[in-house]
Amino acid sequence: MLKRILRPMLERYRDLFYEEADTMRGFMALLMKPRNTGIPWTQEETRRLKLHIRRLARYVPVLMIFLLPFGSLLLPAMAEVLDRRRNRRPL
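Whatever position you read off the sequence shown (first residue = 1), add 5 for my numbering.
Next up, the structure:
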């Protein structure tokens, strides 16, 4: 249900998100790490993701949801919506 609500909001700002995310070195690779490797984020990686998202939220207001308490639980949903591939890689 939550993905159904988040998906249209994230897709609406997808181009702007990609444009700004490209300026941050390693952000997209870090965001897609669990989807690409099957290895979950460490605490340090989650902290770095939140710092990047805080910066992106200046341009894409919907990202403020991910900065709220327990917003990091929604990061996998964000990675799924923003994944550019059509098919998920086999692990």
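Note that the Cβ used here is the ideal one computed from N, Cα and C, for glycine as well.
Selection from the options that minimises the alpha carbon distance to residue i
i, options, result
"Thr42", "Lys8, Ala34, Pro74", "Ala34"
"Ala84", "Arg17, Arg30, Met37, Phe32", "Met37"
"Ala82", "Arg30, Pro39, Thr47", "Pro39"
"Phe22", "Gln48, Leu78, Arg59", "Arg59"
"Thr47", "Asp88, Leu87, Leu80", "Leu80"
"Asp97", "Tyr64, Gly31, His57, Gly76", "With the chain covering only 6 through 96, there is no way to say anything about residue 97."
Extent of the continuous alpha helix (DSSP H) to which residue i belongs
i, result
"Tyr23", "19-26"
"Val86", "80-87"
"Leu61", "48-61"
"Leu73", "Leu73 -> no alpha helix (DSSP H), and no H or E assigned at all."
"Met33", "32-36"
Cβ neighbour criterion (16 or more within 10 Å) applied to residue i
i, result
"Ile44", "exposed"
"Leu78", "exposed"
Residues near residue i by beta carbon distance below 7 Å, same chain, minus five either side
i, result
"Tyr18", "Val65, Val67"
Contact between the stretch 6-15 and the stretch 47-56 (3+ Cβ pairs under 8 Å): Contact between the stretch 6-15 and the stretch 47-56 is not established, with fewer than three Cβ pairs separated by less than 8 Å.
Segment contact, 8 Å Cβ cut-off, at least three pairs: the stretch 71-78 with the stretch 13-27: In short, these stretches do not touch, since the Cβ pair count stays below three.
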